[in-house]
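Trainee: In the order they appear, the protein sequences are chains A and B.
The number in our numbering is simply the position in the first sequence, starting from 1, with 29 added.
The number in our numbering is simply the position in the second sequence, starting from 1, with 114 added.
This is the structure, below, for whatever I ask next.
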Amino acid sequence: MSKAADATKNGEAAQVETVPVKVDGILVNVPKTSPDPVTGKPIPTTMIQACSMAKVDVPHYCYHPKLPVAGNCRMCLVEYGMQAMGPDRKPVVDDNGDPVVRKMPRPAIACATPIAPNMEIYASSPGTIEMRKDVLEFLLINHPLDCPICDQAGECKLQEYSVEHGGANSLFREQKVHKPKQVDLGPRIMLDDERCILCSRCIRFTRDIAGDDALGFVNRGSYNTLTTYPGKSFDNNYTLNTVDICPVGALTSKDFRFQMRVWFLKETKSLCASCGTGCNIVVGSREGSIKRFEPRENDGVNSSWMCDEGRLNYKWVGREDRLKDIVIYDNGESLEADWDKAVSHISEILRSVDKGSTAIIASARQTNEELFLISQIANLLDSFTESIPRIGEGDSLLVNTDKNPNTSGVKMMGLSSGELGSNLNKILEKVRSGEVKTLISFGEDLTRHGFDDEALEKLDHLIVSDILPNGLTEKADVLIPGCAHVEKKGTFTNVKGRIQRFYPATPAPGAAKPEWETLLAVLKQIGNVPESVKGVESLFQWMAQETSELEGLTWSELGDQGVTVEL
Amino acid sequence: MIVNRSKLSFWERTYLPAIINGFKVTLRHFFKKKVTMQYPEEKWTLPEGYRGAPLLVKDPEDRTKCVSCQLCEFVCPPKAIRITPPGPEVNPELGNVEKAPQEFEINMLRCIFCGYCQEVCPEEAIFLKSDYSLTGESREEMVYNKEKLLEMGGIHQDQIWKWKNK
Ligand code: SF4
Ligand code: SF4
Ligand code: SF4
Ligand code: SF4
Ligand code: FES
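Written out as structure tokens, the structure reads:
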């Protein structure tokens, strides 16, 4: 029996000494040191971190909480005061014993200045506000003002800060410097150097996080230009994260380029299903078609990043040849079928079969809830169960070698013992020998795993649920179109046992329905389902009651960040 | 309320006074200056600032001015505008024009001629011109596509040539 582990952010250091700091008059006790975003070693806490703890917003470009500090954009300049020092080098206090604070003559950049006891940060003093306006004017000197054709418009920090903190006029009267536009930086990245504000976030990301020192600045002054080494392509598997962190529209995704303005996108919290890591994502869609995936911050899983491969793995969802119709063949005759009919047809078959004469191939791409329902049906019928492994290349940052998003779920529901797929050949033998007469397959093309025509012809019933047509769907007696995970609600368990929720972003095509709906309807007809089970939440509740690993867990407890359980 | 219906005299009951009075009015107007217009052969001169059909315009070098920023699509109150952005593929025919709409449709049955699209357009690419007589035989016909909008809009003589020096 395992207890659900807590879901607090990792990297939260043990007790650190705190110092009192005032931000715009709000007193906060700030830890003296914070972990370095890359190495995790304690480094002095900076003013910008103190401001964010006080919930005071300080505009910034080059500072990013997940990257080392560069301090080159000057956007975060603030006025501040320090506790006065007496001639004896001791902090001065007034008659009440309160510290005497003197405003410093010059401002400092909040992102790189460590805090000191009794420091006062004037994040909205007239001087600070004036500085922000002037810094923005400088940043816009050579800026092309491409907003109408810039993919970043709508989520651009330069636009946002210009409206919030900028002035309407520029004193600049000379010719603007023109830099390269539409630069092909790599297979997935397009660069517009004129829009770059030289914050170096992208350089630090690829050097310190992705471990590929691919980008750098060349030339000086107004001609300072971001580029790759001549002739080299910026092509590691994490390049698209630089598009996310680029505060302006300099780095843009070739895939998303000119696809849709961002303000039209509907954003749905979801997960990446391309490997077992389960990176948290936001799906951007419009009118039922997916436009992009973007990482969603979760420090327990993927920090703020995701790999390019997973990010671009969405096109198949909108494919024209998606399975859309329910097909039932009875003695070689195709019956007119709707979903209700298919459910009762399947239930009829499953009621009539002998115990131990069925096999169910579950998919490790299905949700925990669906796998749970499959295990309930399998128990009822004494079925043989198995799933199919997908192994590929992994890396040390995010990508896992397990290309199934929910292998842990398959194991947790007891649908595969030992290595995933190890019982597949046994099931094949049983099909060949005629012991297994009914085969149910979810989302797996068994014809690619030795289930040839000869074996499949021995079956009385072949029930298949899948998303795209393949060798097995052609042979099915009953074919029910299923849903991609972006079209349904549910949970996956990642390789480390973190259970995370996802939500439907786009509608399923044609008669396709989430598999759990079909499974639940069938189970209601052939077995017992508690009255309370209606939707995914209540189904999760039932699953948590019946599964030892999930004991005591509730749907709402999972939150947006998920909960790690011991596997 | 009680309405007093006074009895009509014999003269009045002949209806002649009413007819004569009617003819008087007709005759008076018959010799006056005409106020009607022989529409559609004759058409009125439109006042300045008249808001007719929203149309796309080209710059004097025959480039489509619209860059598919979709602000008009966003601002349009009855959602009459529908733009298909170009996507990542580069269209070699467009030369140095980096972005232009793949398709641009305005449903003239939905349009309320409010002029917001013209007001919001950062490229001055859409104008409510003087066309007011928009007719068609089907709903589909009333959805004007890019080709039609550009043809009706014609060339706009102004100083904003976005792509000239790019
Ligand atoms: S980077 Fe921002 S300000 Fe610059 S053109 Fe793009 S949207 Fe406009
Ligand atoms: S491309 Fe973007 S992230 Fe990189 S330096 Fe320029 S503005 Fe910063
Ligand atoms: S005039 Fe108004 S209603 Fe018509 S297309 Fe423009 S914004 Fe839409
Ligand atoms: S007409 Fe103007 S506002 Fe509308 S998409 Fe084109 S450029 Fe943008
Ligand atoms: S955010 Fe501090 S200098 Fe850039």
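Think of the CB as a built atom: it goes at the ideal place given N, C-alpha and C, for glycine as much as any other residue.
Any idea which residues DSSP pairs Val98(A) with across the strands?
Mentor: According to DSSP, Val98(A) bridges with nothing at all.
Trainee: List the DSSP bridge partners of Ile197(B).
Mentor: Answer by DSSP bridge pairing, in chain order: Phe218(B).
Trainee: Using CA coordinates, which residue listed in Ile138(A), Ala137(A), Asn147(A) is at the minimum distance from Gly126(A)?
Mentor: The shortest C-alpha separation from Gly126(A) is found at Asn147(A).
Trainee: Thinking Pro88(A) and Cys105(A) are a contact (beta carbons under 8 Å), I'd like their distance in whole angstroms, please.
Mentor: Contact flag correct, Cβ pair sits at about 7 Å.
Trainee: I'd like the list of long-range same chain contacts for Asn342(A), defined as Cβ closer than 7 Å, with 5 residues on each side in sequence excluded.
Mentor: The answer, listed in chain order, is Ser303.
Trainee: Can you check which of these residues, Ile226(B), Gln271(B), Val117(B), is closest to Pro192(B) by C-alpha distance?
Mentor: Answer by Cα proximity: Ile226(B).
Trainee: Just to confirm, is the Cβ distance from Asn454(A) to Gly472(A) under 9 Å?
Mentor: No, these two residues do not count as a Cβ contact at 9 Å.
Trainee: Do you know offhand how far Leu579(A)'s Cα is from Glu595(A)'s?
Mentor: So the alpha carbons of these two residues sit roughly 9 Å apart.
Trainee: Looking at Leu174(A) and ligand 7, is the gap between the Cβ and the nearest heavy atom below 8 Å?
Mentor: The model on display carries ligand 1, ligand 2, ligand 3, ligand 4 and ligand 5 but not ligand 7.
Trainee: Nearer than 8 Å: is that true of the beta carbon of Arg233(A) relative to any heavy atom of ligand 5?
Mentor: No; taking the cut-off as 8 Å, the Cβ of Arg233(A) has no heavy atom of ligand 5 nearer than that.
Trainee: Are the beta-carbon atoms belonging to Glu398(A) and Phe531(A) less than 9 Å from one another?
Mentor: No. Outside cutoff.
Trainee: Starting from the beta carbon of Pro177(A), find every residue of chain B whose beta carbon is closer than 7 Å, and list them in chain order.
Mentor: In chain order: Val181, Cys183, Pro236, Glu237.
Trainee: For Pro199(B), return the contacting residues in chain A, with the cut-off set at a CB-CB distance below 8 Å.
Mentor: Residues of chain A passing the Cβ test: Phe287, Gln288, Met289, Arg290.
Trainee: Out of Tyr109(A), Pro97(A), Val356(A), point me to the one whose CA is closest to Gly54(A)'s CA.
Mentor: Closest option to Gly54(A), Cα to Cα, is Tyr109(A).
Trainee: Taking all protein chains shown into account, do 16 or more other C-beta atoms lie within 10 angstroms of the C-beta of Gln152(B), making it buried, or fewer, making it exposed?
Mentor: Classification of Gln152(B): exposed, given that the 10 Å Cβ count is below 16.
Trainee: Let me make sure I understand the geometry here. Which of Leu294(A), Gly183(A), Val439(A), Lys205(A) has the alpha-carbon closest to that of Leu449(A)?
Mentor: Measuring from the Cα of Leu449(A), the nearest candidate turns out to be Val439(A).
Trainee: In its own chain, which residues sit with a C-beta less than 7 Å from the C-beta of Ala33(A), not counting the 5 before and 5 after it?
Mentor: With a pLDDT of only 39 at Ala33(A), under 50, the local geometry of the prediction cannot be trusted, and the value read off the model is given with reservation. Gly581, Leu582, Val592, Val594, listed in sequence order.
Trainee: Using a Cβ cut-off of 9 Å (strictly closer), state whether Glu212(B) contacts chain A.
Mentor: Glu212(B) counts as touching chain A.
Trainee: So what does Val212(A) bridge to, in DSSP terms?
Mentor: In the DSSP output, where bridge partners are listed per residue, Val212(A) has Leu220(A).
Trainee: Can you tell me whether Glu604(A) is helix, strand or coil according to DSSP?
Mentor: This structure does not reach residue 604(A), given that chain A is present from 30 up to 596, and the question cannot be answered.
Trainee: Would you say the segment 251-260 of chain B touches the segment 216-226 of chain B, given that touching needs at least three Cβ pairs under 8 Å?
Mentor: They touch, by the three-pair rule.
Trainee: Can Leu427(A) and Ile406(A) be called in contact, C-beta distance under 9 Å?
Mentor: No, Cβ-Cβ distance for Leu427(A) and Ile406(A) is not below 9 Å.
Trainee: Tell me whether Gly100(A) counts as near ligand 5, meaning its Cβ is closer than 8 Å to at least one heavy atom of that ligand.
Mentor: Yes, the Cβ of Gly100(A) comes within 8 Å of a heavy atom of ligand 5.
Trainee: Judging by CA-CA distance, which residue of Ser412(A), Val311(A), Val507(A) is the nearest neighbour of Ser373(A)?
Mentor: Cα-wise, what sits closest to Ser373(A) is Val507(A).
Trainee: Starting from Ile509(A), follow the beta strand (DSSP E) in both directions and report where the run begins and ends.
Mentor: Where Ile509(A) is concerned, the enclosing beta strand (DSSP E) stretches over 507-510.
Trainee: How is Val291(A) classed by DSSP in three states: helix, strand or coil?
Mentor: Three-state DSSP puts Val291(A) in a helix.
Trainee: Give the DSSP-derived three-state secondary structure of Ile417(A) in the structure shown.
Mentor: Coil.
Trainee: Which residues does DSSP pair with Thr593(A) in a beta bridge?
Mentor: Per DSSP, Arg527(A).
Trainee: Give me the Cα-Cα distance between Gly313(A) and Val122(A), rounded to the nearest whole angstrom.
Mentor: One C-alpha to the other measures close to 55 Å.
Trainee: Taking 8 Å as the cut-off, does the CB of Ala239(B) come closer than this to any heavy atom belonging to ligand 4?
Mentor: Checking every heavy atom of ligand 4 against the Cβ of Ala239(B), one is found closer than 8 Å.
Trainee: Regarding Val189(B) and ligand 3, is the C-beta to nearest heavy atom distance less than 8 Å?
Mentor: Answer for Val189(B): yes, Cβ within range of ligand 3.
Trainee: Would you verify that the beta carbon of Phe293(A) is, or is not, closer than 9 Å to some beta carbon of chain B?
Mentor: For Phe293(A), the answer is yes, since a Cβ of chain B falls inside 9 Å of its Cβ.
Trainee: Which one of Gln181(A), Thr235(A), Arg135(A) has the shortest CA to CA distance from Leu96(A)?
Mentor: Of Gln181(A), Thr235(A), Arg135(A), the residue nearest in Cα terms is Thr235(A).
Trainee: For the segment 111-118 of chain A against the segment 65-84 of chain A, are there 3 or more C-beta pairs whose distance is under 8 Å?
Mentor: No contact exists between the segment 111-118 of chain A and the segment 65-84 of chain A.
Trainee: Would you grab the beta carbon distance between Asp180(A) and Phe285(A) for me? Rounded to a whole angstrom, and I think it's under 8 Å.
Mentor: Between Phe285(A) and Asp180(A) the Cβ distance is about 7 Å, and since that is below 8 Å, they are a contact.
Trainee: So Ser603(A) is in the beta strand (DSSP E); what residue range does that whole segment cover?
Mentor: No answer is possible for residue 603(A): it lies beyond the span of chain A, which begins at 30 and ends at 596.
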